[in-house]
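Asks: In order, the protein sequence lines correspond to chains A and B.
Using the numbering used here, the first residue of the first sequence is number 984, and each one after it goes up by one.
Using the numbering used here, the first residue of the second sequence is number 984, and each one after it goes up by one.
There are 2 protein chains.
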Amino acid sequence: MATKPGTTMNTIHRFLSSELAGEIEFLTARTRSLGSARANKLLEPLDLKVRSYSVLSLACSGQAPTQRELAEFLSLDPSQIVPLVDQLEGRGLVERTADPNDRRSKVITGTRSGEQLYSKARKATAEGEAVAMAKLSKVEQETLRDLLSRIAFRD
Amino acid sequence: MATKPGTTMNTIHRFLSSELAGEIEFLTARTRSLGSARANKLLEPLDLKVRSYSVLSLACSGQAPTQRELAEFLSLDPSQIVPLVDQLEGRGLVERTADPNDRRSKVITGTRSGEQLYSKARKATAEGEAVAMAKLSKVEQETLRDLLSRIAFRD
DNA sequence: CTTAAACTCTTGATAAAGTCAACGATTAAG
DNA sequence: CTTAATCGTTGACTTTATCAAGAGTTTAAG
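Here it is as structure tokens:
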């Protein structure tokens, strides 16, 4: 009776000392997997997923992103942006506008109702973030935000 | 001529002040996207991907994980572990052993050559991590590791 | 001005990853 | 012994990722 089945907590604990558990790559992968699952649940009542939420957020940011810029900032292929914007546009949440300066590009902007939905969605993701970081102090949370953004945007 | 095309650096800079860029959820998603792309390139010469590398790493950890435990720790479905282990086993890098205490479970352990390959792979991922965190001081790197592991394993 | 090259969005094909239900073998509970 | 639960596995299915090519637009060169 050396190795008992092991509950969730037990299993995790056994591998905490493994080399893998110390790798940033693994830690971010696991964090984002858990976080995105939680965020998707919270966004479900609004008929949004993390992806569509991210697009909506940038569309409502006042920065007037083009689809190309959305793809780059979200680490997606430009062809993946198309159906995301299609869906949001079909719901009247965002608008495609030809960029006057370069009619190849299409600027994505949030509509009135898009901004209203984003406002609700933002509260949902903020709640998810609060749950995720509950174990950290406010100072630690800001430290984490700062360190992560420095490696997410290095260049 | 207000909005010029915008290079990569330019685009990112424009959205740094957006609400989205301040969300942990987004920062971890972007970090892991960039990190896993870089890690996959570095692991390619060894015919490994981040996924198979993670399984190999735990198989060589001395913790004798079952497939169920691998799935849970790696945030994967148990059915996704099967082809990963199949592949590693086919290359003679790991072994499936029936757990004597519970013959339903199969313990995955690294072979001699599995450990040799893991040793090389570990150096590759360590190099990738060094590149990713180049902008942080040693102290900051350890702080990030600590904060991330606390939210990746809260419970 | 004209032509060629480069860029943006879009489509479509294909591969990879994620989700879920069900099955045989095994173990645990009653 | 019977029933329920667990583990690995398979298969079907959906979603996401990757890539090439095309139509329209802009830029640069000649």
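Glycine is no exception: its CB is placed at the ideal position from the N, C-alpha and C atoms.
None of these values were measured; they are calculated from a predicted model.
Just to confirm before moving on: does the CB-CB distance between Phe-1056/B and Phe-998/A stay below 8 Å?
Replies: Yes, the pair counts as a contact, with Cβ atoms nearer than the cut-off.
Asks: Got a sec, what are the start and stop residues for the alpha helix (DSSP H) Ser-1096/A sits in?
Replies: Note, Ser-1096/A: alpha helix (DSSP H), 1095-1115.
Asks: Please confirm if Gln-1046/B has its CB atom under 8 Å from at least one CB of chain A.
Replies: For Gln-1046/B, the answer is yes, since a Cβ of chain A falls inside 8 Å of its Cβ.
Asks: Counting only C-beta atoms, is Arg-1133/B closer than 8 Å to chain A at any point?
Replies: Chain A, which has a Cβ nearer than 8 Å to the Cβ of Arg-1133/B, makes this yes.
Asks: Short of 6 Å in beta carbon distance, which residues of its chain neighbour Lys-987/B, apart from the five on each side in sequence? Order them along the chain.
Replies: Model confidence at Lys-987/B stands at a pLDDT of 42, short of 50, so the residue's coordinates are unreliable; what they give is reported in the following sentence. No residues qualify anywhere along the chain.
Asks: Would you grab the beta carbon distance between Arg-1128/B and Gly-1018/A for me? Rounded to a whole angstrom, and I think it's under 8 Å.
Replies: Not confirmed; about 17 Å, so no contact.
Asks: Mind checking if Leu-1119/B is an interface residue toward chain A, Cβ cutoff 8 Å exclusive?
Replies: Yes - at least one Cβ of chain A is within 8 Å of the one on Leu-1119/B.
Asks: What are the boundary residues of the alpha helix (DSSP H) that Thr-1011/B is part of?
Replies: Unbroken alpha helix (DSSP H) run through Thr-1011/B: 1007-1026.
Asks: Closer than 8 Å, CB to CB, is Leu-1029/A near chain B or not?
Replies: Cβ-Cβ to chain B under 8 Å: no for Leu-1029/A.
Asks: Rounding to the nearest angstrom, what Cα-Cα distance links Glu-1078/B and Ala-1109/A in this structure?
Replies: Answer to the nearest angstrom: the Cα atoms are 44 Å apart.
Asks: Which residues in the same chain as Thr-1080/B place their Cβ atom closer than 7 Å to its Cβ, once the five residues preceding and following it in sequence are excluded?
Replies: Answer for Thr-1080/B: Lys-1089, Val-1090 and Thr-1092, listed in chain order.
Asks: Run down chain A in chain order and give the residues with a C-beta less than 8 Å from the C-beta of Gly-1111/B.
Replies: Near Gly-1111/B (Cβ distances below 8 Å), the residues of chain A are Glu-1008.
Asks: Within 10 angstroms of the Cβ of Val-1033/B, are there 16 or more other Cβ atoms? Answer buried if so, exposed if not.
Replies: So Val-1033/B counts as buried.
Asks: Have a look at Gln-1063/A and Ile-1134/B and give me their C-alpha separation to the nearest angstrom.
Replies: Those two C-alpha atoms are separated by around 30 Å.
Asks: With DSSP as the reference, please indicate the residues paired to Glu-1078/A in a beta bridge.
Replies: Per DSSP, Thr-1092/A.
Asks: Using DSSP bridges, identify the partner residues of Thr-1049/B.
Replies: In DSSP, Thr-1049/B forms a bridge with Val-1090/B.
Asks: Is Arg-1087/A buried or exposed, if buried means 16 or more other CB atoms sit within 10 Å of its CB?
Replies: Exposed, by the Cβ-count rule.
Asks: Please classify Pro-988/A: does DSSP put it in a helix, a strand, or coil?
Replies: A caution first: Pro-988/A carries a pLDDT of 41, below 50, which makes its placement in the model unreliable, though a value can still be read off. If DSSP states are grouped into helix, strand and coil, Pro-988/A belongs with coil.
Asks: According to the neighbour-count rule (16 or more other Cβ atoms, all chains shown, within 10 Å of its Cβ), is Gln-1099/A buried or exposed?
Replies: Gln-1099/A comes out exposed.
Asks: Among residues of its own chain, excluding the 5 on either side of Arg-1137/B, which ones have a beta-carbon nearer than 6 Å to its beta-carbon?
Replies: Nothing meets the Cβ criterion.
Asks: Chain B beta carbons: is any one of them nearer than 8 Å to that of Ala-1081/A?
Replies: False, the Cβ-Cβ gap to chain B never drops below 8 Å.
Asks: Buried or exposed: which applies to Gly-1073/A, given that a residue is buried once 16 or more other Cβ atoms fall within 10 Å of its Cβ?
Replies: Gly-1073/A comes out exposed.
Asks: Please state if the CB of Ser-1102/A and the CB of Glu-1002/B are separated by a distance shorter than 8 Å.
Replies: Contact flag unset, no.
Asks: Could you list the residues in the stretch 1058-1081 of chain A with a C-beta less than 7 Å from some C-beta on chain B, going in chain order?
Replies: So the close ones are Ser-1058.
Asks: So, is the C-beta of Leu-1025/B closer than 8 Å to a C-beta in chain A?
Replies: Answer no: the Cβ-Cβ gap between Leu-1025/B and chain A never drops below 8 Å.
Asks: In its own chain, which residues sit with a C-beta less than 7 Å from the C-beta of Ala-1047/A, not counting the 5 before and 5 after it?
Replies: Around Ala-1047/A: Val-1090 and Thr-1092.
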